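Right, one structure below, let's go through it.
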Amino acid sequence: MEISTEQKKLTQANAYIAKNSVAVVKSPSRLHYHFMPPIGWMNDPNGLVYFNHEYHLFYQYDPYGVEWGPMHWGHAKSKDAVHWEYLPVALVPSEDYEFSEIERGHGCFSGSAVVRDKQLILMYTGNVDGRHPKQTQNIAISSDGLHFEKCHENPVIASFPEEGTEDFRDPKVWEENGQYYAVIGTKKEGLGKAALYRSQNLVNWNYLGICAQSNGEQGDMWECPDLFKVDDQDILLVSPMYGLKNSSPLAISGIFDSETGKFVQDAYDFIDYGHDFYAPQTLIDDQNRRIMIGWMNIWFAEMPEKKDGWVGAMTVSRKLSYQNNQLYQYPVKEIEELRYDGVSTSEIMISNQNDFSTQLHEAADIEIEIDLEKSKAEVFSIYLKASETVDEYIELLVDLTKGKLTCIREKSGAGEKTGSTAPFNHELAKLKLRILVDTNSIELFINDGQQVMTNRVYPLGEDNLFKIISEQALYLSQLNYWKMKTIWKGK
Ligand code: FRU
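Just so it is clear: in the sequence shown, position 10 is 9 by numbering that gives the first Met the number 0, and no numbers are missing.
As C-alpha cells, this is what we get:
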C-alpha cells in the first residue's frame, strides 16, 4: 500500500523530534512548570478540549526551526491541566489547501476542537499564501485522540464572507442545543470582525453574519476569537493583530443571541496587561470550569531561548470567573500541588530600616497580602530575580496612591526591555499579589486575578533574590512563598 505524503511527513516530524529534542530538554533556559515545545518553534494554543477524562492542548508548531515556519499542530495531554505529556504531532501541512512547495507561509493554522459521539474533532484554518482564497476552514477527526484524519470534504468553509476579506482564520467551534457554531476572525476596512457560522454536522456550514466587530478602537484584524459563557456572562475574546498598543488581547463582555447570531458589546478590557500574552483559548472541563491558556510570548519579541533550539511557552492554566462586572483569571488550584519547601510569615513591617530580602528557587510561587489601612507607604518595589553580583533584576513598582503597578524590565538580560503597567483597585482594605515565577517568566495576578500581567524576563545572575523595599512603612499581613517542582522529566 502506498504511504501518503501526510503519513510520511508525520513520521518524519515525530522521528526528528524524538532524535533532536534530547539536548533541548536539558537546556537551562527551559521552564520548570510551563508548557513549551520539545524542540523548535511554538505559537498559539489550539484545540483546547477535555476529552476522555484528559485535557488536550494542541499548538502552532514548527519542529524544524526556531523561527515561525510551515505550521504543524503539536499535541500534548494532561490529567490535571498542569503536568503535560507530549504526544505525536497531530497535523502536518500535506493537502493543497494547507501546503505549498514554493513558499514557507503555509500550514495548518490555528483552530479549536469539539467532542462529538466520542470523537475528537479539530477545526482549523488551511493557509496557502499566493492562492485564492488563501485561508479556508477544515476538519480533522480522531477516535483515539491521537491520530487524525482530514475530512474528504475539506475545505468545509471554502471562502471568506462578503463582510470579510482574505484574512479569515482561527475557527473556534462549540456545540449548543444540538447545533455547532464557529466564530472565525476576519477584517474589513480597518475593523477586526468575528464571523459566525452554524452547522448540523460540522461539514456543511451556514454563514450567519458578522456577530461582532471592532468599535474602531479594538484593532483591525481579530485573530483567535473565542466566544463562551462564564458565570452566566457572555464573553468574546479576541487577539487584535494591529491597531492596539502591544497587540494586547481583549475580553469583551456583552450579550450573545445564537438565534440572531449577534453579540452586542457592553464593555471591554485587556485580558492581560503584560507584554507576553497572545492568542488565548478556553475549554470547559468536567468540573464545569472555564480554563484559559495563552501563548506566553508576543510576535517579534526577542525570545533569547532560540539559541537553545526551542522557543515559545504557554501560560499556566487559568480558571476564568466573572465577578464585579469583570473577568477574573486565577491559576487552577492543581498548580498548588507543585509547591514545596514553603515559608509562611505574617505581620511584617517593611520600612527604610527594614527591607525584606530572601533567595528564591528559580521557579517559585509567591503570595503577598498588604494591609493598606495600616500601611503609610505611597510607593514600594518588589524585586525579582535580582543578583548579588550583577546589576540585573525585575522591578515591580507599585504606586498605592494611583493604583498602578509597573513591571520594569530594563535590567533583564537579553530579553525585551519595554515595561508594562496594570491598574488596580487601591481603595480596598488589602492589596493581594500572587506571583508565579519560572526560569524566564513572571505571571502576576492582582487582587485574586482581577488584573493579570505576564512578562518574559531573562536577567543575568543566578541568585534569584526576592526583595521588598519601601521608604515608608508597608505592612504585610501575609507573605508566603514556595519552591515549585518541575513538570518535566530530565529538567
Ligand atoms: C495568531 C496567528 C493566527 C494564525 C497563527 C499562525 O498568533 O497569527 O491568526 O492562525 O498565528 O501561526
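Note that beta-carbon positions come from the ideal geometry of N, C-alpha and C, so glycine has one too. Remember, it's a predicted structure, so these values are computed and weren't measured experimentally.
Item: Quick check for students: name the residue ranges of the beta strand (DSSP E) that lie wholly in the segment 315–360, counting only runs of 3 or more.; Value: 317–322, 325–330, 338–349 and 355–358
Item: To the nearest angstrom, how far is it from the Cα of THR405 to the Cα of LEU395?; Value: 6 Å
Item: Go through its chain and collect everything with a Cβ distance to SER345's Cβ below 7 Å, but skip five positions before and after it.; Value: SER476 and GLN477
Item: According to DSSP, simplified to helix, strand and coil, what is LEU395?; Value: strand
Item: Would you kindly work out how many angstroms separate the C-alpha atoms of LYS133 and THR124, rounded to a whole number?; Value: 10 Å
Item: Any heavy atom of ligand 1 closer than 7 Å to the beta-carbon of MET70?; Value: yes
Item: Is it buried or exposed, GLU216, if we count other Cβ atoms within 10 angstroms and call 16 or more buried?; Value: exposed
Item: Less than 8 Å between the C-beta atoms of GLY253 and TRP221, yes or no?; Value: no
Item: Three or more C-beta pairs closer than 8 Å, one from the segment 157–165 and one from the segment 184–200: is that the case here?; Value: yes
Item: Just how far apart, CA to CA, sit VAL263 and ILE367?; Value: 38 Å
Item: Decide if ASP95 is buried, meaning its Cβ has at least 16 other Cβ atoms within 10 Å, or exposed.; Value: exposed
Item: In chain order, what residues of the same chain have a beta carbon less than 7 Å from the beta carbon of HIS151, not counting five sequence neighbours either side?; Value: none
Item: For the candidate residues ASN42, PHE50, SER28 and ALA17, whose alpha-carbon lies nearest to that of GLN286?; Value: PHE50
Item: Can you round the beta-carbon distance between ILE434 and SER411 to whole angstroms, since I take them to be within the 8 Å contact cut?; Value: Wrong, their Cβ atoms sit about 15 Å apart, outside the cutoff.
Item: Straight-line CA distance for ASP447 to TRP173?; Value: 29 Å
Item: At the level of alpha carbons, what is the spacing between PHE299 and MET348?; Value: 42 Å
Item: Nearest to LEU86 by alpha carbon, out of ARG455, PHE227 and PRO36?; Value: PRO36
Item: Considering only heavy atoms of ligand 1, does any lie closer than 7 Å to the CB of ASN137?; Value: no
Item: Would you tell me roughly how many angstroms separate the C-alpha atoms of PHE379 and ASN424, rounded to the nearest one?; Value: 16 Å
Item: Among the candidates TYR241, ASP116 and ARG130, whose CA atom is the shortest distance from the CA of LEU201?; Value: ASP116
Item: State the beta-bridge partners of PHE444 as determined by DSSP.; Value: ARG433 and VAL451
Item: Closest to GLN118 by C-alpha separation, out of HIS105, ALA312, ALA194 and LEU145, would be which residue?; Value: LEU145
Item: When every heavy atom of ligand 1 is checked, does at least one fall within less than 7 Å of the C-beta of TYR327?; Value: no
Item: Using a Cβ-Cβ cut-off of 8 Å (strictly less than) and excluding sequence neighbours within five positions of GLY308, which residues of its own chain qualify?; Value: ASN19, ALA22, VAL23, SER26, ILE38, GLY39 and VAL65
Item: Closer than 7 Å: is that where the CB of SER99 sits relative to any heavy atom of ligand 3?; Value: What this structure holds is ligand 1, not ligand 3.
Item: Could you tell me if ILE101 is buried or exposed, where buried requires 16 or more neighbouring beta carbons within 10 angstroms of its beta carbon?; Value: exposed
Item: State the Cα-Cα distance for the pair PRO422 and ASP398, rounded to the nearest angstrom.; Value: 10 Å
Item: Could you spell out where the alpha helix (DSSP H) holding ILE251 opens and where it closes?; Value: Segment 249–256 is the beta strand (DSSP E) holding ILE251; no alpha helix (DSSP H) there.
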